[in-house]
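Residue numbers (my numbering): 39 to 164.
Cβ coordinates follow ideal geometry from the N, Cα and C atoms, glycine included.
These notes concern the structure reproduced below.
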Ligand code: HEM
């Protein structure tokens, strides 16, 4: 039985840092997503994302960034764009050979935090 944390299984902080670097290359290369990041301090954002992902995977680093709801407030992030960001994260994790169990749990976390990141849906006419 494998009792080590996901964090240890995937190779710890160096692998997470690499995943996050490649994640933002994909996100900034996506014309739908790039505009959200105009003027953002990317080294700082990457640092927070690395620590967040480490702690989600069971690593020792405590997350000290802003609450996710607060960090994304007022950006008008759509559900579609949120899902695209999630797909980019999945793609880089898969490229790093991360196992299905970890992908499933990351998917669960993405499902849980979605409502705090996505802007209130506009009134629909249907
Ligand atoms: C998929 C789940 C997501 C996670 C886990 C996540 C995580 C984070 C984290 C940890 C930060 C830094 C918080 C801080 O400043 O302390 C952040 C900031 C940011 N996120 Fe996300 N994010 C997600 C989705 C998105 C999406 C979908 C977009 C846009 C399409 C987005 C755009 C941004 C931007 C622009 C910032 C910088 C805000 C600023 O510094 O003013 N994020 N995110």
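| Query | Result |
| --- | --- |
| For residue 157, the three-state DSSP class (helix, strand or coil) | coil |
| Residue burial classification, residue 135 (beta-carbon count within 10 angstroms, cutoff 16) | exposed |
| Test item: CB-CB of residue 95 and residue 48 under 8 Å | yes |
| Endpoints, alpha helix (DSSP H) assigned at residue 99 | Unbroken run through residue 99: none, as it is neither H nor E. |
| CA-to-CA distance, residue 140 to residue 69, given in whole angstroms | 28 Å |
| Closest Cα partner of residue 64 within the set 80, 116, 123, 79 | 123 |
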